[in-house]
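Participant:
Protein chains: 2
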Amino acid sequence: MLRTREGLRPGDHVARVGDDFRGLFAVRAGCFKSYVIDMDGREHVKGFHLPGELMGIEGISVGRHATNITALENGVICDLRYDELLRISAREPSLQEHLLRLFARRIAEQTRRTGDYSADEKMAAFLLDISMRYAERGRAAELLDLFMARRDIANYLSLATETVSRVLTRFQKRDLILVNRKRVKLLRIERLREIAAALTDAG
Amino acid sequence: MLRTREGLRPGDHVARVGDDFRGLFAVRAGCFKSYVIDMDGREHVKGFHLPGELMGIEGISVGRHATNITALENGVICDLRYDELLRISAREPSLQEHLLRLFARRIAEQTRRTGDYSADEKMAAFLLDISMRYAERGRAAELLDLFMARRDIANYLSLATETVSRVLTRFQKRDLILVNRKRVKLLRIERLREIAAALTDAG
DNA sequence: CGATAGGTTGACGGTTCTCAAGGGAGGTGG
DNA sequence: CCACCTCCCTTGAGAACCGTCAACCTATCG
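Protein sequences appear in the order of chains V and F. With the working numbering applied, the first sequence corresponds to residues 233 to 435, in that order. With the working numbering applied, the second sequence corresponds to residues 233 to 435, in that order.
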C-alpha cells in the first residue's frame, strides 16, 4: 500500500489532470503545488502542500485526477492506494472516521477561504495559514520559508504578482514582517491577525 | 436516524455557527443558504442548497457547525445523525465509499470554484451550475427559478448586487437569457458555456 | 560574465465598488 | 380597495482598488 517516491525535482509532476485516480499522495519531504490550466490557457493555483499533508483528494469523486500536482523543491512522497485504504477502513471504523474527518476538514478550510477579501486581508491570512501549518509540524511559526514563487502566491490568492510584491513591501514598512527574498519573518502576528480578521468567522 | 422537520419558513435557521454538530441535513423541499458573519460584521454566503442535497458538512471536522443555515423558502429537511451514519457505514462498506465520494465531490466542486474570474464568467458559471443541479433532479434545465435575492447571489460570487444586476441586464440585451424578477430563462446555453469556459479546466 | 528568470517599483487604466436616486412588487392597515 | 410602506431591484455617475504595461534591479547558473 505504501510506495515511496524519492528524488522528485522541482517541476516534476506527481499527477496530471485526467490521470487515472489510483490513490492519494502524502508529502514526506519538500513542497508541492496543485493547479489547473483553464480553457483559456490560464493557470489557477489551487493549493500548496507541505510535509505531512495529503494531496489529490479532488480526484476521488470522478476517478480521475482533477489537478496537476508538481514539486516546488526536491521532494519525497508516499502513494496511498485508495482501494486498499477503503479495504482497511472497512474493517477499522476509527480509520474510516479519521478519513471522513480529514475530508471534512478540507471542506471546512476551503469554505473559509471562499469569500470577498482585500489584497491585504488575503495576504495576512495566507502568511498566518502557512505559519500555522509550520507550527503544526513542529517548525517555528514566525520564520517562514515561502517555497513558492510570488507568481504562485499571487495566482493562489487571485492577485497580480505586482500586488503581492507591493503588499509585502507595505507590511514591511509597517514593521509587521521582515522580507528577504523567500524568507519572511513575522514580527507582529497579532496585528496580522487583526488584518486577517475578515476571514475569521464570528458567527 | 431520520427525523423530518417540516414547515420551515423563510428566515428560519436550521443551524447556527457554533451549534453542536450532531449530523447532516438533507433538503427535502425548499431552498436554503449557508453563510457566516465575519469579525467585521460582513456576511459571506457560502452556498445554496436545493432539494436532494446535503448541508452542514463543514461542521464535522470541529464538532461544531461552521456556517449558519437558513431557509429561503418554505422548506422541509431531514436530520441525518452523524454517529448513526458512522455506525451503519462501519458495517456497510458501500455506504462508506458513498460518503467519501460525496465529500470528495464537494471538495472538487469547491476547488473548481476558487480562482480569479470576471463578473461575466462568474455569473455564467453560476447560472449553468443552478441549471445543472435542476436537471440532475429532473427539472427543466433552461427555466431557472432564482430563489435567492440578488444580494445573496452577489455575495456568493464576491460581487456587488449592482454588478449582478448589470450583468444580467447585459446578458439579456445579448439575448443569452430572459430575466423576469426571479425567473431566468436560458436562451443560448452554448454561448453561456463559452463565457464560463474560464472556469472549465482543460488540464 | 552574459543570459535568464524572478522580484520590485512606478505610471496608467479598467473593472468593479460605492454612493445616490428612482421604480416595482408585495404586504399591511385604514 | 387603495394608500402607504418597505424591501428589492435597477440604473447612473464617480471613485477606488487592483491589474496591466513597462522599466529596472537582483539572484542564479552555465
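For each residue, glycine too, the CB sits at the ideal point set by N, CA and C.
1) Does the distance from the CB of L360/F to the CB of R254/F come in under 8 Å?
2) To the nearest angstrom, how far is it from the Cα of H245/V to the Cα of S266/V?
3) Spell out a yes or no on whether the segment 357-373 of chain F and the segment 386-406 of chain V are touching, meaning 3 or more CB-CB pairs, one atom from each, closer than 8 Å.
4) Rank E422/V, A392/V, R382/V by C-alpha distance to the C-alpha of V411/V and give the top, closest one.
5) Buried or exposed for R372/V, going by 16 or more other Cβ atoms inside 10 Å?
6) Let's test the definition: count the other Cβ atoms within 10 Å of the Cβ of T236/V and tell me whether it reaches 16, buried, or not, exposed.
7) Quick one: what's I421/V bridged to in DSSP?
8) Just tell me which of E305/V, V294/V, I309/V has its CA closest to the CA of R338/F.
9) To which residues does DSSP link E275/F through a beta bridge?
10) Mind listing, in chain order, the continuous beta strand (DSSP E) runs of no fewer than 3 residues lying wholly within the segment 354-429 of chain F?
11) What would DSSP say about A298/V, mapped onto helix, strand or coil?
12) Grab me the residues of H281/F's own chain with a C-beta within less than 6 Å of its C-beta, minus the 5 sequence neighbours each way, in chain order.
13) Would you call the segment 385-394 of chain V and the segment 306-322 of chain V touching, i.e. three or more CB-CB distances under 8 Å?
14) Hey, how far is the Cα of L389/F from the Cα of H276/V?
15) Could you tell me which chain F residues have their CB closer than 7 Å to the CB of F257/V, listed as they occur along the chain?
16) Since G307/F sits in a beta bridge, which residues does DSSP pair it with?
17) Taking the alpha-carbon of R423/F as reference, which of D433/F, R406/F, R413/F has the nearest alpha-carbon?
18) Would you give the residue range spanned by the beta strand (DSSP E) that F257/V belongs to?
19) Does the distance from the CB of E290/V to the CB of A303/V come in under 8 Å?
20) Who are the Cβ neighbours of D352/V in its own chain at under 7 Å, not counting the five residues just before and after it?
21) Could you work out which residues of chain F lie near A356/V, taking near to mean beta carbons separated by less than 7 Å?
22) Below 8 Å on the Cβ atoms is my contact criterion, and I expect L332/V with L376/V to pass it. Report the Cβ-Cβ distance as a whole number of Å.
Facilitator: In brief:
1) no
2) 10 Å
3) no
4) R382/V
5) In the sequence as presented, Arg is not what sits at residue 372/V; that position holds Ala. Per the 10 Å Cβ criterion, exposed.
6) exposed
7) Answer is none; I421/V lacks a bridge partner.
8) V294/V
9) I269/F
10) 375-377, 409-412, 415-418
11) coil
12) V259, F264, M287
13) no
14) 17 Å
15) Under the 7 Å cutoff, chain F gives no residues; its nearest Cβ is about 15 Å from F257/V.
16) L240/F
17) R406/F
18) 255-261
19) no
20) V399, I427
21) Going along chain F, no residue has its Cβ under 7 Å from A356/V, so there is no contact; the nearest lies around 13 Å.
22) Actually they do not touch by this definition, with Cβ atoms about 31 Å apart.
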